[in-house]
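K.L.:
Below is the structure I would like to discuss, written out as structure tokens.
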Amino acid sequence: MSGEDEARSLAEQAAAWVPPWERKPAPEPVAEPAAEPASEAPEVEPAEAPEVVLAEESESEPVVLAEAAPEVAAPAEAPVAAPAPRQPAEPMEAPEPEPESLTPEPEPEPVEESESELVDAPEPPPAPDPAILDDPTELRGAVESILLVIDEPVSEITLAQVLDQPTDRILAVLVDLVGDYTAQRRGFELRRAAGGWRLYTRADYAAYVERFVLDGQQVRLTQAALETLAVIAYKQPVTRSRISAIRGVNCDGVVRTLLSRGLIEDCGSEPDSGAFLYRTTPLFLEKLGINSVEDLPPLAPFLPDDVDEIANAQG
Numbered sequence: 001m002s003g004e005d006e007a008r009s010l011a012e013q014a015a016a017w018v019p020p021w022e023r024k025p026a027p028e029p030v031a032e033p034a035a036e037p038a039s040e041a042p043e044v045e046p047a048e049a050p051e052v053v054l055a056e057e058s059e060s061e062p063v064v065l066a067e068a069a070p071e072v073a074a075p076a077e078a079p080v081a082a083p084a085p086r087q088p089a090e091p092m093e094a095p096e097p098e099p100e101s102l103t104p105e106p107e108p109e110p111v112e113e114s115e116s117e118l119v120d121a122p123e124p125p126p127a128p129d130p131a132i133l134d135d136p137t138e139l140r141g142a143v144e145s146i147l148l149v150i151d152e153p154v155s156e157i158t159l160a161q162v163l164d165q166p167t168d169r170i171l172a173v174l175v176d177l178v179g180d181y182t183a184q185r186r187g188f189e190l191r192r193a194a195g196g197w198r199l200y201t202r203a204d205y206a207a208y209v210e211r212f213v214l215d216g217q218q219v220r221l222t223q224a225a226l227e228t229l230a231v232i233a234y235k236q237p238v239t240r241s242r243i244s245a246i247r248g249v250n251c252d253g254v255v256r257t258l259l260s261r262g263l264i265e266d267c268g269s270e271p272d273s274g275a276f277l278y279r280t281t282p283l284f285l286e287k288l289g290i291n292s293v294e295d296l297p298p299l300a301p302f303l304p305d306d307v308d309e310i311a312n313a314q315g
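Numbering (UniProt numbering), first residue to last: 1 to 315.
Dropping the structure here:
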């Protein structure tokens with residue numbers, strides 16, 4: 001190419017150059033459907049702008065304008081379709097809990113276990129039966145053991161039931177014990193009292209027993225209480241007014257004391273006046289160590305002959 005052609009080409013390029021502020025904006029690329037992936041366009045290398053050389057009026061030195069050539073817009077890469085923005089997922093509502101049924105659920109029926117599945121709990125071994133007391137010595141020892149632990153007189157019938165023996169045999173053992181204790185001068189004796197049998201300390205040693213156990217510890221009855229108790233014992237059943245007539249004083253307080261001690265009890269009322277009748281109790285017999293009131297010593301030598309007449313007159 002000659003110099004003139006080159007200068008003309010440069011002049012045409014300079015004339016066709018448009019400043020950037022006057023250029024129209026390139027149309028925005030239209031996004032293709034997301035279903036078809038856009039193919040990437042091959043990259044196009046921008047053409048280098050030729051250097052523009054403007055000749056001055058003076059042809060001696062040419063002036064070179066660096067990068068005076070118009071900017072050639074590099075072809076834009078084919079836009080890749082951006083993925084469509086995802087719509088924000090709507091929050092899923094939690095399922096509302098179903099209201100509880102007000103109808104009570106039927107209880108499961110108990111399952112009946114078969115007999116093979118049931119395991120019987122081990123039963124405690126039965127208490128061994130006491131040995132049969134055929135030996136008289138063994139029977140005698142068993143009777144003595146019971147007599148030592150009783151708190152009140154026990155009858156021969158009760159002893160026979162406990163020891164599984166005939167009543168006659170038990171009674172014979174008791175009589176033998178009475179004779180043996182008396183013959184051996186034991187410190188205790190076996191007596192029949194209040195319808196039963198009980199061991200008592202022998203009267204010969206009562207002073208020593210009282211000194212060791214009873215002195216200062218027993219609650220003694222007053223003289224008035226002893227006199228009233230004696231009247232009731234010998235005249236029972238008797239009314240309170242008759243007791244007061246025999247003693248010559250009011251005995252209401254003393255009678256209440258004897259009732260609280262359990263030595264006397266009421267046993268009905270008098271048909272004519274309706275007054276209460278009083279008599280002694282089994283505790284009275286037990287304390288005295290006698291079997292019945294018939295064993296009391298006779299009272300006639302200590303009373304005047306007309307005591308009944310006096311009592312009736314005052315009553």
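Where a beta carbon is used, it is the ideal one built from N, C-alpha and C, also for glycine.
Just confirm the distance between the C-beta atoms of residue 174 and residue 197, as a whole number of angstroms; I'd bet it's less than 8 Å.
P.N.:
Within the sequence shown, numbered from 1, the residue matching residue 174 stands at position 174. Within the sequence shown, numbered from 1, the residue matching residue 197 stands at position 197. Contact flag correct, Cβ pair sits at about 6 Å.
K.L.:
Name, in chain order, the residues that DSSP records as bridge partners for residue 154.
P.N.:
What you label residue 154 is simply residue 154 of the sequence shown in a count that begins at 1. Answer is 197, bridged to residue 154.
K.L.:
Pick helix, strand or coil for residue 186, following the three-state DSSP scheme.
P.N.:
Here residue 186 corresponds to residue number 186 of the sequence shown, with the count starting at 1. In this structure, residue 186 counts as coil in the three-state DSSP scheme.
K.L.:
When DSSP labels each residue in this structure, what does residue 268 get in the three-state scheme?
P.N.:
Sequence index remark: in the sequence shown, residue 268 carries index 268 (1-based). Strand at residue 268.
K.L.:
So, do the stretch 278-293 and the stretch 134-148 have three or more beta carbon pairs nearer to each other than 8 Å?
P.N.:
No: the two stretches stay apart, fewer than three of their Cβ pairs being nearer than 8 Å.
K.L.:
Grab me the residues of residue 264's own chain with a C-beta within less than 8 Å of its C-beta, minus the 5 sequence neighbours each way, in chain order.
P.N.:
By one-based count along the sequence shown, residue 264 stands at place 264. The answer, listed in chain order, is 229, 232, 255, 258, 278, 279, 280, 281, 284.
K.L.:
With H, G and I counted as helix, E and B as strand and the rest as coil, what does DSSP make of residue 192?
P.N.:
Taking the sequence shown and counting its residues from 1, the one referred to as residue 192 is at position 192. The answer is strand: DSSP assigns residue 192 an E or B state.
K.L.:
Can you check DSSP and say which residues form a bridge with residue 212?
P.N.:
Reading the sequence shown from its first residue, position 212 is the one you call residue 212. BP columns for residue 212 are empty, so no partner.
K.L.:
Is there a C-beta anywhere in chain D that falls below 8 Å from the one on residue 229?
P.N.:
Structure shown: chain D not included; a single protein chain is present.
K.L.:
Go ahead and pull the three-state DSSP assignment for residue 117.
P.N.:
Start at 1 with the first residue of the sequence shown, and residue 117 comes out as number 117. Reliability of the predicted coordinates at residue 117 is poor, the pLDDT of 48 falling under 50, and the value obtained from them is presented with this limitation in mind. DSSP places residue 117 in coil when its eight states are reduced to three.
K.L.:
Fully enclosed by the stretch 230-293, which alpha helix (DSSP H) runs are 4 residues long or longer?
P.N.:
The stretch 230-293 contains these whole alpha helix (DSSP H) runs: 240-247, 252-261, 282-288.
K.L.:
Between 199, 159, 221, which has its C-alpha nearest residue 261's C-alpha?
P.N.:
Residue 261 sits at position 261 when you count from the first residue of the sequence shown. That would be 221, whose Cα lies nearest to the Cα of residue 261.
K.L.:
Would you call the CB atoms of residue 156 and residue 146 closer than 8 Å?
P.N.:
Along the sequence shown, read from residue 1 onward, the residue named residue 156 stands at position 156. Along the sequence shown, read from residue 1 onward, the residue named residue 146 stands at position 146. Going by C-beta atoms, residue 156 is not nearer than 8 Å to residue 146.
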